[in-house]
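Numbering follows numbering that gives the first Met the number 0, in which position 289 of the sequence shown is assigned residue number 288; successive positions increment by one, without gaps. These notes are about the structure you will find just below.
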Amino acid sequence: MLNRIISLAVTLLIGFSSQSQNVLTLDRSLQLALSHNHDLHIARLDAQQAENNATFGNAGRLPAITASAGTNYSNQNSNLEFATGQTQDVEGAESLSQNLSVGISQVLFAGGRIQRSYQLLKYANEAASLKEKQALESTIAQVWSQYTAVSLLQRSVFIANENFSISKNRFEKARLTNELGGSNSTEFMAAQVDMNRDRVELMEAKTQLESAKNSFASFIGYDQEYLVADETTLNLEQEFDESETLAIMYAGNTSVRLATISSETALVQQQLQNATLFPTVSAQAAYGINQSQAEAGFLTASQQNGLNTGINLQYAIFNGFQSRTQRQNSKLEVLKAEHRQAQTQELLENTVKNAVRTFNNAAAVAKIESDNAAVANLRMLKINELYSLGQVSSLEQRQAQLAWYTAENGKSSAEFRAVNAQIALYQLMGALVDTIEKNDSTR
0 MLNRIISLAV TLLIGFSSQS QNVLTLDRSL QLALSHNHDL HIARLDAQQA ENNATFGNAG
60 RLPAITASAG TNYSNQNSNL EFATGQTQDV EGAESLSQNL SVGISQVLFA GGRIQRSYQL
120 LKYANEAASL KEKQALESTI AQVWSQYTAV SLLQRSVFIA NENFSISKNR FEKARLTNEL
180 GGSNSTEFMA AQVDMNRDRV ELMEAKTQLE SAKNSFASFI GYDQEYLVAD ETTLNLEQEF
240 DESETLAIMY AGNTSVRLAT ISSETALVQQ QLQNATLFPT VSAQAAYGIN QSQAEAGFLT
300 ASQQNGLNTG INLQYAIFNG FQSRTQRQNS KLEVLKAEHR QAQTQELLEN TVKNAVRTFN
360 NAAAVAKIES DNAAVANLRM LKINELYSLG QVSSLEQRQA QLAWYTAENG KSSAEFRAVN
420 AQIALYQLMG ALVDTIEKND STR
């Protein structure tokens, strides 16, 4: 009963406030964050760069075609002496030359270096895409968690306000009774202390809410006054099986796949270094035209054109053992990558097991706290009725009030822990994006 009353009251409060403030849904908050988050934008740009790089051309599998052209002009005074003894003086002798060529070159064999380079580019592209997904999942997780925090803090402010109203009514009744001489001053002062204490609780709840709203607005890039809907998207009936969750994690977790790519990349790097054991064979061909005109000398004009082709073989016979050292280190990198992959899997497996236990426990606690809050509310309503009839003391009413207030705060705290545990599990499973999309379709 309490949950329905409070949810209805908070919904009505949001409805009245929405006339002057915007009510942000979780869907809208996610849209804002995904368009504003800088880390996500950077990850997307990195992924686009990696995709642009993953081409045959960047790996060296395509031929290189070049074209060149040039011209030279000179104006000189010349004094020529021939073998016959004749001499010739030419002043302002002009000469002009032009050249034009088009060439193509292609690596024919490099010991598999080109194929390995392309494979590395594809791995880099996949890794960048996975990092983009990680940034997306991190953004969704933060939005979901912060949105839930603001929603529960709104509820806490409402509860604190109700708590203060109860104390204020008791204080007004005690003051009137005291003025009429029907009670001693001690009861009146106790009511005043309780009211002030609850006023402070309300002020602190409002401060926490405003701080949380400011942080959330900054994170999603929102600059208007707002409220959030009273929703946590928490399914307390859901339970996670450890073995099933581990299987989903191994299939969908981005960190697992990144560790695998790192290990595979190290292996390809080793193969790339082994390519230095083989020579590089390349071929080239060029067609060129050269023309020249001169006023001095035997030839006044000349022109050459033709095709040049060739094949080159290059092999590093000795380079100070650099290639051997690189091959040795590449083998060590493979071993390091294998250990990092095993370490990542062990860490994630332990994290998933703990996360499953944490969520199942948090969900059970949230159920208990919800039931406890409902019972505390019923008890408080009954005590308030008896207090208005003068059948219980103000002390008994205060105790029932504090029990209700504590139960409500315990319920909110338990729900927040359960939501965060649920978010962590979905993120570990690599199912956070799908879960959000599924929730969108069911709302």
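We put the beta carbon where it would ideally sit given N, CA and C, even for glycine.
Can you have a look at residue i and say buried or exposed, based on whether 16 or more other CB atoms are within 10 angstroms of its CB?
i: Leu-257; result: buried
i: Tyr-225; result: buried
i: Leu-276; result: exposed
i: Val-192; result: exposed
i: Gln-426; result: buried
i: Phe-215; result: buried
i: Thr-231; result: buried
i: Ile-435; result: buried
i: Ser-34; result: exposed
i: Glu-243; result: exposed
i: Glu-171; result: exposed
i: Gln-223; result: exposed
i: Arg-323; result: exposed
i: Glu-236; result: exposed
Among the options, which residue has its Cα nearest to the Cα of residue i?
i: Leu-358; options: Ala-336, Glu-414, Gln-133, Tyr-122; result: Before going further, note that residue 358 is Phe rather than Leu in the sequence given. The option with the nearest alpha carbon to Phe-358 is Glu-414.
i: Gln-398; options: Ser-412, Met-379, Ala-42; result: Met-379
i: Ala-315; options: Ala-109, His-40, Gln-237; result: Ala-109
i: Ser-100; options: Gly-409, Leu-394, Gln-292, Thr-70; result: Thr-70
i: Met-202; options: Ile-158, Asp-88, Ile-310; result: Ile-158
i: Arg-169; options: Ala-148, Asn-195, Tyr-146, Gln-153; result: Asn-195
i: Ile-422; options: Ala-372, Gln-400, Val-355, Leu-377; result: Val-355
i: Ser-329; options: Asp-229, Ala-274, Phe-317; result: Ala-274
i: Lys-410; options: Arg-115, Asn-371, Phe-55; result: Asn-371
i: Lys-205; options: Ser-393, Leu-151, Ser-217, Ala-363; result: Leu-151
i: Ser-67; options: Lys-366, Glu-200, Gly-287; result: Gly-287
i: Asn-52; options: Ser-261, Ala-126, Tyr-146, Arg-198; result: Ala-126
i: Gln-153; options: Ile-165, Val-227, Ser-184, Gln-48; result: Val-227
i: Glu-50; options: Leu-119, Arg-115, Glu-337, Ala-361; result: Leu-119
i: Ser-28; options: Lys-212, Lys-352, Arg-115; result: Lys-212
Residue i lies in the alpha helix (DSSP H); which residues open and close that run?
i: Asn-328; result: 321 to 387
i: Val-199; result: 184 to 219
i: Tyr-117; result: 112 to 178
Is the distance from the Cβ of residue i to the Cβ of residue j below 8 Å?
i: Gln-270; j: Gly-111; result: yes
i: Ser-137; j: Ala-46; result: no
i: Met-428; j: Ile-219; result: no
i: Ser-254; j: Leu-135; result: no
i: Ala-58; j: Tyr-117; result: yes
i: Val-418; j: Ser-144; result: yes
i: Ser-155; j: Asn-408; result: yes
i: Gln-97; j: Gln-290; result: yes
i: Glu-368; j: Ile-382; result: no
i: Gly-102; j: Ala-284; result: yes
i: Thr-279; j: Val-142; result: no
i: Ser-94; j: Ala-63; result: no
i: Glu-161; j: Ala-173; result: no
i: Ile-139; j: Val-364; result: no
i: Arg-339; j: Ser-261; result: yes
i: Tyr-221; j: Leu-25; result: no
For the beta strand (DSSP E) containing residue i, list its first residue and its last residue.
i: Gly-59; result: It is not in any beta strand (DSSP E) - Gly-59 carries neither H nor E in the DSSP assignment.
i: Tyr-286; result: 279 to 293
i: Asn-304; result: 300 to 313
i: Leu-226; result: 225 to 227
Ranges of the alpha helix (DSSP H) found wholly within the region 403 to 429, counting only runs of at least 4: Secondary structure within the region 403 to 429: not one fully enclosed alpha helix (DSSP H) run of 4 or more consecutive residues is present.
Unbroken stretches of the alpha helix (DSSP H), 4 residues or longer, contained in the region 231 to 264: The DSSP assignment places complete alpha helix (DSSP H) segments of no fewer than 4 residues inside the region 231 to 264 at 241 to 251, in order along the chain.
Within the region 15 to 53, ranges of the beta strand (DSSP E) (whole runs, at least 3 residues): Complete beta strand (DSSP E) runs here, min 3: 21 to 23.
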